[in-house]
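If you read the sequence shown in the numbering used here, its first letter stands for residue 4, the second for the next number, and so on.
Note that the Cβ used here is the ideal one computed from N, Cα and C, for glycine as well.
These numbers were taken from a predicted model, which means no experiment stands behind them.
This report concerns only the one structure given below.
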Amino acid sequence: MQNLMQKIISLCKRRGFVYPSSEIYGGFGSGYDFGPLGVEMKNNIKMAWWEEITQVQENIVGLDAAILMSPKVWDASGHLTAGFADELVECKKCHHRFRKDFLEKEKCPDCGGELTLPKKFNLMMKTFVGPVEDEASVAYLRAETCQGIYLNFLNVLNSSRLKIPFGIAQIGKAFRNEITPGNFIYRTREFEQMELQWFCHPKTANKFFEYWKGIRMKWYLSLGIKKENLRFKEIPKEELAHYAKRVVDIEYKFPFGWKEIEGIHNRGDWDLSNHSKHSGQDLRYVDELRSSSPSLRSVFDEETKEKYFPYIIETSAGADRSFLTFLIDAYHEIKGGRTKTTKAVKEEEVVLKLDKKLAPIKVAVLPLVKNKPELVKKAKEVYQMLKPHFVCQYDEADSIGRRYRRQDEIGTYLCLTLDFESLKQDDLTIRNRDTMKQQRVKINDLVRTLKEKLEN
Ligand code: GAP
């Protein structure tokens, strides 16, 4: 199965999904760069999340807070003081360092040497703000995006007409000085989170916890992840993060084992009460009226008229981990191939069966041959016509079979082929990536037909 990871990593590099960071300098262990196809696909994932959370769901607004915040935030949140640290051990011989909980044996996995006793290693990334590098100018790159949401809880309440229960959603970068990053983009030191903070009355927290668990699992399923590759995992009390009352992870069956892709957290009133205490601002909520959302009002009775710290139910997903999940789940190898090329191909053909919403390229325009100028001209006109509507590629190099295979490998949902008939009939063939069915369509009806196919 590790072989599959090698194939995915190689496909990512070869086709422009993901490159190692700072490669020309020998690499840098902190992160990866998303290439032309990768950035399209990652944007599609983020947009699918954003639409689900802020449009399909009710009573949720967005936010884009700064990455650098007052260092006091991280004191109040407990990241500098409480538990945001992993146990680190060092090999006494080769001096390599490891996360203790990742080790299978009590020996150095690299040289077999003896290990030191574990010590706590804080994961916050430190920097300095301004021209002087002293203690007073220390700041931290945020380790989770949600803190920016808690700091703006009052701002959002005071500038919107929201009433509890409501949510604030945010997508953005987070940074952790991970001791052992690894498994490609699964664990990196710089990554993106897609987080929803749902503020509710403490009495309704359990109900909403179940609600969000269900909604988040459905999101992955609705975007094509196979059911048998997803599961919930209840995290035992002794392993909970310092802020959490209850955590259920959504796990995916990666080639390297079942691993977390998203956490559903009941954070109780940890965040708002601690920020109240440390900032001196009263972040309690006064429940004057019922929920502003009619449908939520009928399901959850919120009328209490009391002053309280709302409980927070958080759904925290990684955009990069989602990316890897969608990529692995979509990856199909077809032995012997399924398209005819000029050579009798008996090799493997790769089809990336990404949901059409997530596919980086929606439509490829392919003239049957490139040595017929009228055909090439017409195909280029079609490409120009489609470009403002869909993310398209034009490709005329190599045989049509090879071009289909190239598009299948990057998950392009529809291929449009112009042949000699197209010159007479003013039409072309639409080929579906998954069914390989072909359909002739008039060019003047093309945009409407493609919209129907891509948007429904
Ligand atoms: N605000 C809560 C929070 O940050 P978390 O379980 O530490 O919770 C949530 O992180 C999600 O963020 C994870 O499920 C994962 O998808 C992503 N994530 C966390 N650390 C990561 C890392 N080092 N590299 C990539 N993604 C990471």
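Counting other Cβ atoms within 10 Å of its Cβ, Val59 stays below 16 and is therefore classed as exposed. Note that the C-beta distance between Ala69 and Asn277 is not below 7 Å. A contact between stretches requires three or more CB pairs, one per stretch, nearer than 8 Å, and the stretch 170 to 184 meets this requirement with the stretch 198 to 212. For Pro184, the secondary structure class from DSSP, reduced to helix, strand or coil, is coil.
The residues Gly151, Ile152, Asn155, Val159, Ile171, Ala172, Gln173, in chain order, have a CB closer than 8 Å to that of Leu66 in the same chain once the five nearest residues on each side in sequence are set aside. Looking only at Cys114, Val444, Thr438, the smallest Cα-Cα distance to Asp430 is reached by Val444.
Nearest C-alpha to Glu352 among Asn161, Lys122, Asp411, Lys176: Asp411.
Pro363 counts as buried, since at least 16 other C-beta atoms from the protein chains shown sit within 10 angstroms of its C-beta. Beta-bridge annotation (DSSP): Cys94 is paired with Leu118. In this structure, the ligand GAP has a non-hydrogen atom nearer than 6 Å to the beta-carbon of Ser319. Between the alpha carbons of Val132 and Lys230 lies a gap of roughly 46 Å. Cβ atoms of Leu419 and Val366 come within 8 Å of each other, at about 6 Å. Gln196 has its CB nearer than 6 Å to a heavy atom of the ligand GAP.
Across the structure, Leu327 and Leu286 are spaced so that their CA atoms are roughly 38 Å apart. Phe178 sits in a strand when the DSSP states are folded into three classes. Under the Cβ criterion (8 Å, minimum of three pairs), the stretch 402 to 410 does not count as touching the stretch 442 to 458. Ile48 and Ala177 have their C-alpha atoms spaced approximately 17 Å apart.
Put simply, of Gly34, Gly86, Asp437 the residue whose alpha carbon is nearest the alpha carbon of Ser25 is Gly34.
Assignment of Asp89 by DSSP, reduced to helix, strand and coil, places it in the strand class.
Measuring C-alpha to C-alpha distances from Ala139 to each of Glu254, Lys373, Ser73 identifies Ser73 as the nearest. If you check the C-beta of Gly266 against the ligand GAP, you find a heavy atom less than 6 Å away. Per DSSP, the continuous beta strand (DSSP E) segment holding Tyr314 begins and ends at 314 to 321. Looking at the backbone, the Cα of Lys380 and that of Lys373 are separated by about 10 Å.
In the displayed model, Gln173 falls within a strand according to three-state DSSP. Taken through DSSP and simplified to helix, strand or coil, Val132 comes out as coil. When rounded, the separation of the alpha-carbon atoms in Arg102 and Ser325 is 24 Å.
According to DSSP, residue pairing for Leu355 in a beta bridge involves Tyr334. Within the DSSP secondary-structure output, Thr432 pairs in a beta bridge with Thr420, Arg443. Not one heavy atom of the ligand GAP sits closer than 6 Å to the Cβ of Cys111.
Exclusion of Asp437 from the 6 Å shell around the ligand GAP follows from its C-beta lying no nearer than that to any non-hydrogen atom of the ligand. Tyr255 counts as buried, since no fewer than 16 other beta carbons sit within 10 angstroms of its beta carbon. Residue Cys97 holds the alpha-carbon nearest to the alpha-carbon of Asp113 among Cys97, Val76, Ser319, Glu377.
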